[in-house]
Amino acid sequence: MEAKNTLNNSSAEQKETVMNKILGTVSGSFAPILGVLAGSALITALLSLLKTLGLINPESGTYLILAAAGHAVFYFFPIFLGITMANKLGANGFVGGAIGAALLEPHFTDLVTQKAQDVSFLGIPVILANYSSTVFPILIAVSIYALLDKLLKKVIYKDLQMFINPMISLILIVPLTILIFGPFGTYVGEALSIGVQFLSSKSGLLTGAVIGAAWSFLTIVGLHWAVIPIALANLSATGLDPIIPMAAAAPFAQIGLGLGVFFKTKDKNLRTLAGSGLLPSAFAGTTEIITYGILVPYKRTMLYVAIAGAIGGAIIGSLGVSGTGFALPSFLSIPVFTPMGLFLLGTLTSLLIAMVLTIVFGYESTNKVVSKNTVKDFVLGNVKRETISSPLSGEIVPLSTIADPLFSTETVGKGIAIIPTKGEVVSPVDGVVTTIFPTQHAIGVTSSEGAEILIYIGVDTVHLKGEFFHSYVKQWDMVKRGDLLIQFDIEKIKAAGYDVRTPVVITNTNQYEEVVLVNDGEVHAKDDELLRLVV
Numbered sequence: 001m002e003a004k005n006t007l008n009n010s011s012a013e014q015k016e017t018v019m020n021k022i023l024g025t026v027s028g029s030f031a032p033i034l035g036v037l038a039g040s041a042l043i044t045a046l047l048s049l050l051k052t053l054g055l056i057n058p059e060s061g062t063y064l065i066l067a068a069a070g071h072a073v074f075y076f077f078p079i080f081l082g083i084t085m086a087n088k089l090g091a092n093g094f095v096g097g098a099i100g101a102a103l104l105e106p107h108f109t110d111l112v113t114q115k116a117q118d119v120s121f122l123g124i125p126v127i128l129a130n131y132s133s134t135v136f137p138i139l140i141a142v143s144i145y146a147l148l149d150k151l152l153k154k155v156i157y158k159d160l161q162m163f164i165n166p167m168i169s170l171i172l173i174v175p176l177t178i179l180i181f182g183p184f185g186t187y188v189g190e191a192l193s194i195g196v197q198f199l200s201s202k203s204g205l206l207t208g209a210v211i212g213a214a215w216s217f218l219t220i221v222g223l224h225w226a227v228i229p230i231a232l233a234n235l236s237a238t239g240l241d242p243i244i245p246m247a248a249a250a251p252f253a254q255i256g257l258g259l260g261v262f263f264k265t266k267d268k269n270l271r272t273l274a275g276s277g278l279l280p281s282a283f284a285g286t287t288e289i290i291t292y293g294i295l296v297p298y299k300r301t302m303l304y305v306a307i308a309g310a311i312g313g314a315i316i317g318s319l320g321v322s323g324t325g326f327a328l329p330s331f332l333s334i335p336v337f338t339p340m341g342l343f344l345l346g347t348l349t350s351l352l353i354a355m356v357l358t359i360v361f362g363y364e365s366t367n368k369v370v371s372k373n374t375v376k377d378f379v380l381g382n383v384k385r386e387t388i389s390s391p392l393s394g395e396i397v398p399l400s401t402i403a404d405p406l407f408s409t410e411t412v413g414k415g416i417a418i419i420p421t422k423g424e425v426v427s428p429v430d431g432v433v434t435t436i437f438p439t440q441h442a443i444g445v446t447s448s449e450g451a452e453i454l455i456y457i458g459v460d461t462v463h464l465k466g467e468f469f470h471s472y473v474k475q476w477d478m479v480k481r482g483d484l485l486i487q488f489d490i491e492k493i494k495a496a497g498y499d500v501r502t503p504v505v506i507t508n509t510n511q512y513e514e515v516v517l518v519n520d521g522e523v524h525a526k527d528d529e530l531l532r533l534v535v
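Counted the way UniProt numbering counts, the sequence shown spans residues 1 to 535.
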């Protein structure tokens, strides 16, 4: 009996690891280009608004040039995704991009647009399809290419790999993509698109309620990355997508939660946290500060967000709102959704419900009295000049190397990243633990001088669900500089397929004149200074 249980546990762990790897690969492939996708969508939204108001002629050169800027990343999406996915899988990103480019090469696209008949490759009939803006064909093709690349690295002499490996890969993968992976991926995308639209047509209200209620929690565990390709496939197939509009109810509910906490709380730390999360949520669609700073620590608010998201999603789904392009839902991206008025009705309903529920019923969980005795000295509105010690031992690298736009673009705050050589995080300051993620892969510490420091161990390690991490502190614990906060197993995290580069950022950067890197190269926890904060 014990042996059977061990076998079942091992099987479950293996399945979980495979799922983590799939989600990690998808998220790691989309993350580097999510910013340009959202930015391009905002250009399209702006043009749509200007055209509606009669402020720009859609046949003018100005409109067409700006439209090219907004549409380019979507049309050539297989190229961008080919590059990022190959890089994520440890293969040559330029070869991955070349595979995507082959699907859009003019000689091949001419065959598609002219509806050429009897096209074959070595006597094998070719099913022609338009691959611009597609997702699934390149996901499949690059996954196979990455396996082939690993094999070639084992059998090809090292000095020849630079040109032999790309040549063999392109000769094999491009035809296989056009013959097999491309049509199969296209059919998969179309089937998923038809399935979503079928559900929406049968009960848009039910579909919207489920998506709106679940989206925040899918985001927390990273499963939303499995849905985004379906939304992009919908846009590719029909030019319209119902998923993102229904999902938009969730981030707007989180904005409502942030507003509710901001108006409700008397805790200056929490008000600052809520306020700092509202701007990126409302105008960039990035809700991580509210998600991990409020939603996760205060469990009661999860019910508010689920209720508000379900109602807003149900309104949007039942009224048939669609997205005309991919965009992170925010106030700036509203013109991407049509009809705009109905989209606003659903999202603002979601926002107001979450805000009212928070104000009326409160946000506190079991640790509701975040005592004034504990945090009374940490007044974030009056920060002081200070120096932050290194919380890790390892090698310093720029934040721009992190495959997460929230960190690489300094949306969360300015700072640095460290490739750790020892699996220990220590407190970089005297202060209080203001945030400890349930998965224990990230921690926020507020110093006695008012600095908010976020230490986020690894990239996408939220998918590990706390495995390989152990916290020695809990939220609102007082800590001294050098106190052990978290231990983690570097080798096991790497073996599970995750990058251990760890951002160390100042989330209240806007309260400082400068965030200056003191050290570069190798640093040692506790002993070396890392950042100097200038007021």
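Even for Gly, the Cβ is constructed at its ideal location relative to N, Cα and C. Nothing here was measured: the structure is a model prediction, and the numbers come from that model.
(message) Tell me which residues share the same chain as THR502 and place their Cβ nearer than 7 Å to its Cβ, disregarding the 5 neighbours each side in the sequence.
(response) Reading the sequence shown from its first residue, position 502 is the one you call residue 502. Result list for THR502: LEU392, ALA417, ILE418, PRO420, ILE455, TYR456, ILE457 and GLY458, in chain order.
(request) Check each candidate in VAL518, LEU533 and VAL535 and name the one with the smallest Cα separation from ASP527. (result) Sequence index remark: in the sequence shown, residue 527 carries index 527 (1-based). If we check each option's Cα against that of ASP527, VAL518 comes out closest.
(request) For VAL426, write down the residues that DSSP places opposite it in a beta bridge. (result) For the purposes of this step, residue 426 is taken as residue 426 along the sequence shown, with counting starting at 1. BP columns for VAL426 point to LEU484.
(request) Would you mind sorting GLU449 into buried or exposed? The rule is 16 or more other CB atoms within 10 Å of its CB. (result) To locate residue 449, count along the sequence shown from 1; it is residue 449. Buried: at least 16 other Cβ atoms inside 10 Å.
(message) Between the alpha carbons of LEU66 and PRO339, how many angstroms are there, rounded?
(response) Indexing the sequence shown from 1 puts residue 66 at position 66. Indexing the sequence shown from 1 puts residue 339 at position 339. Going by the C-alpha atoms only, they are around 23 Å apart.
(message) Distance check for GLY260 and LEU357, CA to CA, integer angstroms please.
(response) Within the sequence shown, residue 357 is the residue found at index 357, counting from 1. Within the sequence shown, residue 260 is the residue found at index 260, counting from 1. Spanning the two alpha carbons is a distance of roughly 8 Å.
(request) Could you check what DSSP says for GLU452 in three-state terms: helix, strand or coil? (result) The residue labelled residue 452 in the question sits at position 452 within the sequence shown. In the structure shown, GLU452 sits in a strand (DSSP, three-state: E or B).
(message) Looking at GLY256: is its Cβ nearer than 8 Å to the Cβ of LEU319?
(response) Taking the sequence shown and counting its residues from 1, the one referred to as residue 256 is at position 256. Taking the sequence shown and counting its residues from 1, the one referred to as residue 319 is at position 319. Not a contact, by the Cβ cut-off of 8 Å.
(request) Would you kindly check if the distance between the Cβ of ILE493 and the Cβ of VAL504 is under 8 Å? (result) For the purposes of this step, residue 504 is taken as residue 504 along the sequence shown, with counting starting at 1. For the purposes of this step, residue 493 is taken as residue 493 along the sequence shown, with counting starting at 1. Cβ distance not < 8 Å, so VAL504 and ILE493 don't count as in contact.
(message) On the CB-based measure, 16 or more other CB atoms within 10 Å of its CB, does LYS266 come out buried or exposed?
(response) As a working note, residue 266 is residue 266 in the sequence shown. LYS266 comes out exposed.
(message) With H, G and I counted as helix, E and B as strand and the rest as coil, what does DSSP make of ASP241?
(response) The count along the sequence shown starts at 1 and reaches residue 241 at position 241. Three-state result, ASP241: strand.
(message) Below 8 Å, how does it come out for the region 271-283 and the region 303-316: are there three or more Cβ pairs, yes or no?
(response) no
(message) On a Cα-Cα basis, can you pick out the residue from TYR131, ALA45, LEU464 and ALA310 that is closest to ALA237?
(response) The sequence position of residue 237 within the sequence shown is 237, counting from 1. It is TYR131 whose Cα lies nearest to the Cα of ALA237.
(request) Below 6 Å CB to CB, which residues in the same chain sit around ALA146 once its five sequence neighbours on both sides are set aside? (result) Within the sequence shown, numbered from 1, the residue matching residue 146 stands at position 146. The answer, listed in chain order, is LEU89 and ALA91.
(request) Would you mind sorting LEU81 into buried or exposed? The rule is 16 or more other CB atoms within 10 Å of its CB. (result) One-based indexing of the sequence shown puts residue 81 at position 81. Buried, since its Cβ has 16 or more Cβ neighbours within 10 Å.
(request) Return the first residue and the last residue of the alpha helix (DSSP H) that ALA101 is part of. (result) Walking along the sequence shown from the start, residue 101 turns up at place 101. Its alpha helix (DSSP H) spans residues 93-102.
(message) So the candidates are TYR157, LEU37, ALA354 and VAL321; which of them puts its Cα closest to the Cα of GLY341?
(response) Position 341 of the sequence shown, counted from the first residue, corresponds to residue 341. GLY341 has its Cα closest to that of VAL321, out of TYR157, LEU37, ALA354 and VAL321.
(message) For a quick check, are the C-beta atoms of LEU328 and GLY285 less than 8 Å apart?
(response) Position 328 of the sequence shown, counted from the first residue, corresponds to residue 328. Position 285 of the sequence shown, counted from the first residue, corresponds to residue 285. Result yes, Cβ atoms of LEU328 and GLY285 sit closer than 8 Å.
(message) Suppose you measure from the CA of ILE56 to the CA of LEU46; what does that come to, to the nearest Å?
(response) By one-based count along the sequence shown, residue 56 stands at place 56. By one-based count along the sequence shown, residue 46 stands at place 46. In a straight line, the C-alpha of ILE56 is about 11 Å away from that of LEU46.
(request) Just mark THR52 as buried or exposed, buried being the case when its beta carbon has 16 or more other beta carbons within 10 Å. (result) Taking the first residue of the sequence shown as 1, we reach residue 52 at position 52. By the 10 Å Cβ count, THR52 comes out exposed.
(request) Indicate the three-state DSSP secondary structure (helix, strand or coil) for ALA442 in the structure shown. (result) Along the sequence shown, read from residue 1 onward, the residue named residue 442 stands at position 442. Note: ALA442 maps to strand in three-state DSSP.
(request) Quick one: using the 10 Å Cβ neighbour count with 16 as the cut-off for buried, is VAL534 buried or exposed? (result) Position 534 of the sequence shown, counting from 1, holds the residue named residue 534. Looking at its Cβ environment, which holds fewer than 16 other Cβ atoms inside 10 Å, VAL534 is exposed.
(request) State the start and end residues of the unbroken beta strand (DSSP E) segment that holds THR435. (result) In the sequence shown, residue 435 corresponds to position 435, counting from 1. First-last of the beta strand (DSSP E) with THR435: 431-436.
(request) Along the beta strand (DSSP E) that carries THR134, what are the first and last residues, could you check? (result) Here residue 134 refers to the residue found at position 134 of the sequence shown. Counting along the chain, THR134 falls outside any beta strand (DSSP E), and DSSP gives it neither H nor E.
(request) State buried or exposed for PRO242, treating a residue as buried only when at least 16 other CB atoms are found within 10 Å of its CB. (result) Here residue 242 refers to the residue found at position 242 of the sequence shown. Answer is buried; the Cβ neighbour count reaches 16.
(message) Please list the terminal residues of the continuous alpha helix (DSSP H) segment that includes HIS71.
(response) Taking the sequence shown and counting its residues from 1, one reaches residue 71 at position 71. Taken as a continuous stretch (DSSP letters only), the alpha helix (DSSP H) holding HIS71 covers 61-75.
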